[in-house]
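**Student:**
There are 2 protein chains.
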Amino acid sequence: MAEGKLEIIPLGGVGHFGMNMMALRYQNVAIIIDAGMGFPNEDLPGVDIIIPDFTFIDEYRDEIAAIVLTHGHEDHIGAVPFLLKEIDVPVYGTHFTLALLENKLLEHKLSDTAQIHAVETGEKITVGEFEVEWIHVSHSLTSCAALAITTPVGVVIHSGDFKVDDTPVVGPTIDLKRLTEYGDQGVLALLADSTNAERPGRTLSERAVIPALEKIFDETYGRIIVSCFTSSIHRLQIIFDLAQEFNRQVCLLGRSMLRNVEVADSYRQLDIADGLLVSPAQARQMHDDEIILLAAGCQADPMSAMMRLATDQHKNLSVEEGDMVVLSARNIPGNDLAISRLISHCYKRGAQVVDSSTARVHCSGHGSQEDLQILIEAVRPKFLIPIHGEYRQLYRHKEWAVGLGIVEKNNIVIFENGDVLALDERSAEIIAKEAVGRTFIDQSYGEVEDIVVRDRKHLSYDGIVVPVVAINPTSGEMESEPEIVTRGFIVEEAETDFLEELKEIVENTVNEASHEERIDHSVIKEKTRLALKRFIQKRTGRRPMILPVVVEV
Amino acid sequence: MAEGKLEIIPLGGVGHFGMNMMALRYQNVAIIIDAGMGFPNEDLPGVDIIIPDFTFIDEYRDEIAAIVLTHGHEDHIGAVPFLLKEIDVPVYGTHFTLALLENKLLEHKLSDTAQIHAVETGEKITVGEFEVEWIHVSHSLTSCAALAITTPVGVVIHSGDFKVDDTPVVGPTIDLKRLTEYGDQGVLALLADSTNAERPGRTLSERAVIPALEKIFDETYGRIIVSCFTSSIHRLQIIFDLAQEFNRQVCLLGRSMLRNVEVADSYRQLDIADGLLVSPAQARQMHDDEIILLAAGCQADPMSAMMRLATDQHKNLSVEEGDMVVLSARNIPGNDLAISRLISHCYKRGAQVVDSSTARVHCSGHGSQEDLQILIEAVRPKFLIPIHGEYRQLYRHKEWAVGLGIVEKNNIVIFENGDVLALDERSAEIIAKEAVGRTFIDQSYGEVEDIVVRDRKHLSYDGIVVPVVAINPTSGEMESEPEIVTRGFIVEEAETDFLEELKEIVENTVNEASHEERIDHSVIKEKTRLALKRFIQKRTGRRPMILPVVVEV
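Protein chains in written order, with the numbering used here: chain C, 18 to 570; chain P, 18 to 570.
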């Protein structure tokens, strides 16, 4: 503990995207800002989400006094339920942020016990020597905030995710006035979103996608199918508004779409006209020019509503000839190939496809370089600390800020997850390193050890079949029934008949072999492997790994 | 066989990128156009390349009379050695295309026996009733050709990979005059590259990257590190020219960079000033402003020179503070995350990074919509058949061509790999389907069955350990020594001592168990698993899957 200093410790979200989490610690009181999840690539089969390693939480559990949330995106709140199972502390956020959290708490059976406290922007809470104020910012989601945290060594401002949107669709603009007031009083440190620090200029307003979407709606006589991020509240409102303008009704598809629209509606983040929404059953009865399908799955996740629509896997509806499919989203890196396949599926079915490469149907929720400039000019911090991004974005953020000349170059600090940055009025320096990392979560089972993830990787295709025979090396006779062990191939308990057939195959193979073959392990193993392989392939079309074992008894 | 009709059968490269290969068949003579490889994603561990399935080749081996090559890119020639092992037929291509092929033939020990015939553009060869002429086209590689194939039912033109570059750096412009002459005489079908069919306008000339690169060279006082595709001959020439202009010398890094530059130089595709090239040892001795490192690895392949430079894995050189790194390439979909990490590595080491998102340091080698238009206007085919692309590109190509009004909509045919398209003067129809698919190749071992690929996937992490014990169900005694089988964990033959230790662990575990535990399989299995797990982890730090088997004898 640095005496008389404030410690800022990023526990996730620095040097990579997602899994945002940070601790602020002064003397023996700490607060946690956000606790988000990350999403695994396909190199982690069976892992649904990733959360930050909680070693730090465990070590400082007695000091942690509160969790404060900037906004309700998964990468900022997704780890909160897991965190609350470790430390039962109050959670503060805006009403809508907590409403999005509520669903997660319900799933984790925490909604009765969690200490949830809604705050309004402009409101302040006190935790030990910290005073935290929520300040409204623009983003693709609504009810998002920056946090102004007054500490004994000065004010720290955490931008949350933000852009400077002068004409948002839902809610007010970013509260630059309040940020400037803090700036006038003096801000020690600004922790600012670097996601788009490589992009020149200003990020477009949420409203900027309206003309392109309006043109599409105007020119389309068939069905319109829109897929976007289900938390893009402004985007959803635009679709609902255009639906009314063009006399179409909207059918929501996908669990997260239904849930997010419901929550946003009940918290007045969306304004949905009575009777605008229809069910899939109703949608099927309607004329093509009367309907919009609004589907989750813009990243082409195989189980998503959009992917099901495009591949005939949806129980009610599918992409058909004459449909206009609008992918109103960006491609998250790593998803390009899947999205490309989704688009090909739609074309193959005779639909038209528009995405952000062909029309302005998407804009980012994160500020570009000039948005960052506006924030820095308002806050004028002594220290600037880029957060939320890979190193390349953090670096470009620093480089851009250096060029602005508002913060001294030496006072712009890039740190890594786990670095303990000790701050006082005069200095900022990294004084220690805390343990950080990733924890894998399977949403059905909870935490998954690395080893299990690897097993799943082994098994993520057709699994493994291990036939075992015990053979007397002299007589060549089998000394027991063959054993069959499988993993990731079939549910053994549910397919005992099939397992019996496999055993028979092995038994027959050994019995039909000559004495010489039976006492030569390599021969009998290969015969067994081939026999099982042929049988399994014929019966199931699958090709598990077959690893015969011969035991001499 | 469709009597009196020409059959066109795509064997790869339609509906996906890469692995381009096609058969043209008339009566009982067939020619193969290109035989390319594809590159596996990381979901195929241990697979180096993918080639087309050769079932068709096998079936029609007596009819196939020649292989004709459009150009020397891997996705057009990479499967030729494998094909020549199946069918020993003459191979025709331009001198430089065959020079690029020669290296592959050497690796496969085919250079003595392969029947290689170099042709010049403008030259014709005759194969049965086919007459083939090579017509020069622009591309990122040089010495590239379209093929004009005169058949008994009419002329078929295959574009190869092309763009319309009015100011190439190396070699002549696309021979639109010759293509127009064919158009004047009447062309039955045009098979045309669809890679950039979604992009409006014209593709930039290879020369278009010079201003941005010149600016970088002009403003950089430190070392310059450029990474680009090693087959981008125009790009390489630009770097060599700029090196001279700015008094720098060039150090080539990476096997494919060295090889491609050497071949291109010896075939006069590159003009390299005497003394321009230096070795890594020389480069290390030179001042920062005297050197350019030209490295393979623009896609951030982990073993590439560029990635090694950025991660201290290169034996001589590394990215250092003050370096200017130029990624003069596009991101191939699927590689974004790896390239992003590469860029972060460079920034972390204090280098500057410029890529195509921040400056015009790359241009595509494939024609955009207006390039496609120029080709269609020159050739004016009766039938247009989009090739080279996913369905989305083929579809957009068709859509764009329909808008041009030169080819009748019904005469623009999208087909899939394996479709047999029968053509005569009046009609084009898909009459049958041939077997197509992918064959996996491990460059060390040759063909790999799907099952082995999956095994490798299982084993691509820490592998599997299967301990087997035979236990008498009554006495609870072990009836034999334990067996240990592993896959993907250790080389058993090389670590017999370690295997013996594992057997001891199993033996001790069973011996130390109580009678009850020994006759309860689930208990003894779990004890064995835990004992092995602990031991293996302690000794190796690795965590293979451990799948104990108990046999009752």
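Note that beta-carbon positions come from the ideal geometry of N, C-alpha and C, so glycine has one too.
Just so we're clear, the structure is a prediction, and the values are computed from it rather than from any experiment.
Taking only the alpha-carbon atoms, compute the straight-line gap between C:L23 and C:E76 and give it to the nearest angstrom.
**Tutor:** Translated into positions along the first sequence, residue 23 of chain C becomes position 6. Translated into positions along the first sequence, residue 76 of chain C becomes position 59. Going by the C-alpha atoms only, they are around 18 Å apart.
**Student:** Is the Cβ of C:L354 closer than 8 Å to any Cβ of chain P?
**Tutor:** As a working mapping, residue 354 of chain C is identified with position 337 in the first sequence. Yes - at least one Cβ of chain P is within 8 Å of the one on C:L354.
**Student:** Could you check whether the Cβ of C:L564 sits closer than 8 Å to any Cβ belonging to chain P?
**Tutor:** If you number the first sequence from 1, residue 564 of chain C lands on position 547. It does: the Cβ of C:L564 has a partner Cβ on chain P nearer than 8 Å.
**Student:** Where does P:D178 sit, in a helix, a strand or coil, going by DSSP?
**Tutor:** On the second sequence, position 161 is the one that residue 178 of chain P refers to. Coil at P:D178, not helix or strand.
**Student:** Helix, strand or coil: which one does DSSP assign to P:V567?
**Tutor:** Locating residue 567 of chain P in the second sequence gives position 550, counting from the first residue. In the displayed model, P:V567 falls within a strand according to three-state DSSP.
**Student:** Measure the CB-CB distance between C:L205 and C:V172 and report whether it falls below 8 Å.
**Tutor:** For this step, residue 205 of chain C is matched to residue 188 along the first sequence. For this step, residue 172 of chain C is matched to residue 155 along the first sequence. Their beta carbons are under 8 Å apart, which means C:L205 touches C:V172 by this criterion.
**Student:** Output the boundary residues of the beta strand (DSSP E) element that contains C:S244.
**Tutor:** Working through the first sequence from its first residue, we reach residue 244 of chain C at position 227. C:S244 -> beta strand (DSSP E) spans 241–244.
**Student:** Would you verify that the beta carbon of P:V482 is, or is not, closer than 8 Å to some beta carbon of chain C?
**Tutor:** Start at 1 with the first residue of the second sequence, and residue 482 of chain P comes out as number 465. Taking Cβ atoms only, chain C never reaches closer than 8 Å to P:V482, which makes this a no.
**Student:** Listing by chain order, which chain P residues have their CB less than 7 Å from the CB of C:R455?
**Tutor:** Sequence index remark: in the first sequence, residue 455 of chain C carries index 438 (1-based). Here the premise fails: no neighbours, minimum Cβ distance about 15 Å.
**Student:** My output table needs one value for P:Y43: the three-state DSSP class, helix, strand or coil.
**Tutor:** Position 26 of the second sequence, counted from the first residue, corresponds to residue 43 of chain P. Here P:Y43 sits in strand by DSSP.
**Student:** Around the Cβ of P:G203, are there at least 16 other Cβ atoms within 10 angstroms (buried) or fewer (exposed)?
**Tutor:** Here residue 203 of chain P refers to the residue found at position 186 when the second sequence is read from its first residue. Burial state of P:G203 is exposed, judged by a 10 Å Cβ sphere holding fewer than 16 other Cβ atoms.
**Student:** My assumption, with CB atoms under 8 Å, is that P:L334 sits in contact with P:A368. Please give the rounded CB distance.
**Tutor:** Translated into positions along the second sequence, residue 334 of chain P becomes position 317. Translated into positions along the second sequence, residue 368 of chain P becomes position 351. That pair is no contact at about 12 Å.
**Student:** Ignoring anything shorter than 4 residues or poking outside the region 101–171 of chain C, list the alpha helix (DSSP H) runs there in chain order.
**Tutor:** Whole alpha helix (DSSP H) segments, 4+ residues: 112–124.
**Student:** Under the DSSP definition of a beta bridge, which residues are partnered with C:A327?
**Tutor:** To locate residue 327 of chain C, count along the first sequence from 1; it is residue 310. None; C:A327 has no bridge partner.
**Student:** Buried or exposed for C:R471, going by 16 or more other Cβ atoms inside 10 Å?
**Tutor:** Reading the first sequence from its first residue, position 454 is the one you call residue 471 of chain C. No answer about C:R471 holds up, because its pLDDT of 49 lies below 50 and its placement is not dependable.
**Student:** Using 8 Å as the threshold, is the region 120–138 of chain C in touch with the region 167–183 of chain C, meaning 3 or more CB pairs across them?
**Tutor:** Flag = no, the region 120–138 of chain C and the region 167–183 of chain C do not touch.
**Student:** Taking only the alpha-carbon atoms, compute the straight-line gap between P:I81 and P:P98 and give it to the nearest angstrom.
**Tutor:** Your numbering for residue 81 of chain P matches position 64 in the second sequence. Your numbering for residue 98 of chain P matches position 81 in the second sequence. Approximately 16 Å, taken between the alpha carbons.
**Student:** Give me the Cα-Cα distance between C:T557 and P:A229, rounded to the nearest whole angstrom.
**Tutor:** Taking the first residue of the first sequence as position 1, residue 557 of chain C is located at position 540. Taking the first residue of the second sequence as position 1, residue 229 of chain P is located at position 212. So the two alpha carbons sit approximately 57 Å from each other.
**Student:** I believe C:T167 touches C:S381 by the beta-carbon criterion, under 8 Å. Please report the beta-carbon distance rounded to the nearest angstrom.
**Tutor:** Working through the first sequence from its first residue, we reach residue 167 of chain C at position 150. Working through the first sequence from its first residue, we reach residue 381 of chain C at position 364. With 8 Å as the limit, C:T167 and C:S381 do not qualify as a contact, their Cβ atoms being about 31 Å apart.
**Student:** With a cut-off of 8 Å, does the C-beta of C:P350 fall near any C-beta of chain P?
**Tutor:** Numbered from 1 along the first sequence, position 333 holds the residue referred to as residue 350 of chain C. So yes, C:P350 belongs to the interface.
**Student:** For the region 534–546 of chain C, enumerate the residues whose C-beta is nearer than 7 Å to any C-beta of chain P, in chain order.
**Tutor:** none
**Student:** Can you tell me whether C:D210 is helix, strand or coil according to DSSP?
**Tutor:** Position 193 of the first sequence, counted from the start, is the residue given in the question as residue 210 of chain C. It is a strand residue.
**Student:** For the region 483–495 of chain C, which residues have a beta carbon sitting closer than 7 Å to at least one beta carbon of chain P?
**Tutor:** V483, V485, A487
**Student:** DSSP beta-bridge partners for C:F515?
**Tutor:** Mapped onto the first sequence, residue 515 of chain C falls at position 498. In DSSP, C:F515 forms no bridge with anything.
**Student:** Helix, strand or coil for C:D51? Go by DSSP, reduced to three states.
**Tutor:** As a first step, residue 51 of chain C must be located in the first sequence, where it is residue number 34. Three-state DSSP puts C:D51 in a strand.
**Student:** Specify, as a first and last residue, the run of the alpha helix (DSSP H) that P:E231 falls within.
**Tutor:** Locating residue 231 of chain P in the second sequence gives position 214, counting from the first residue. Segment 227–236, the alpha helix (DSSP H) holding P:E231.
**Student:** Any idea if C:T456 is buried or exposed, counting beta-carbon neighbours within 10 angstroms, 16 or more meaning buried?
**Tutor:** The residue given as residue 456 of chain C occupies position 439 in the first sequence. With 16 or more other Cβ atoms within 10 Å, it is buried.
**Student:** Does P:V280 come out as helix, strand or coil in the three-state DSSP assignment?
**Tutor:** For this step, residue 280 of chain P is matched to residue 263 along the second sequence. Correct three-state label for P:V280: helix.
**Student:** Taking the alpha-carbon positions, what's the C:K399 to C:K426 distance?
**Tutor:** On the first sequence, position 382 is the one that residue 399 of chain C refers to. On the first sequence, position 409 is the one that residue 426 of chain C refers to. The alpha-carbon atoms of C:K399 and C:K426 are separated by roughly 10 Å.
**Student:** Applying the criterion that 16 or more other CB atoms from any shown protein chain within 10 Å of the CB defines a buried residue, is P:Y238 buried or exposed?
**Tutor:** Here the question's residue 238 of chain P lines up with position 221 in the second sequence. It is exposed - the Cβ of P:Y238 has fewer than 16 other Cβ atoms within 10 Å.
**Student:** Anything in chain P within Cβ reach of C:K365, meaning under 7 Å, just list it in chain order.
**Tutor:** Start at 1 with the first residue of the first sequence, and residue 365 of chain C comes out as number 348. Within chain P, the residues near C:K365 are Y408.
**Student:** Please determine if the region 66–75 of chain C and the region 105–118 of chain C are in contact, where contact requires at least 3 C-beta pairs separated by less than 8 Å.
**Tutor:** no
**Student:** Anyone know if the C-beta pair for P:A312 and P:A298 falls short of 8 Å?
**Tutor:** Taking the first residue of the second sequence as 1, we reach residue 312 of chain P at position 295. Taking the first residue of the second sequence as 1, we reach residue 298 of chain P at position 281. No; because the gap between Cβ atoms is not below 8 Å, this pair is not in contact.
**Student:** Shortest alpha-carbon distance to C:T197 belongs to which of C:V485, C:E394, C:E534?
**Tutor:** Position 180 of the first sequence, counted from the first residue, corresponds to residue 197 of chain C. Of the listed residues, the one whose Cα sits closest to C:T197 is C:E394.
**Student:** What do you get for C:Q286, buried or exposed, if any count of 16 or more other CB atoms within 10 angstroms of its CB means buried?
**Tutor:** Position 269 of the first sequence, counted from the start, is the residue given in the question as residue 286 of chain C. With 16 or more Cβ atoms within 10 Å of its Cβ, C:Q286 is classed as buried.
**Student:** Are there three or more Cβ pairs, one per stretch, closer than 8 Å when the region 559–567 of chain C is compared with the region 530–543 of chain C?
**Tutor:** Contact annotation: the region 559–567 of chain C touches the region 530–543 of chain C, with at least three C-beta pairs closer than 8 Å.
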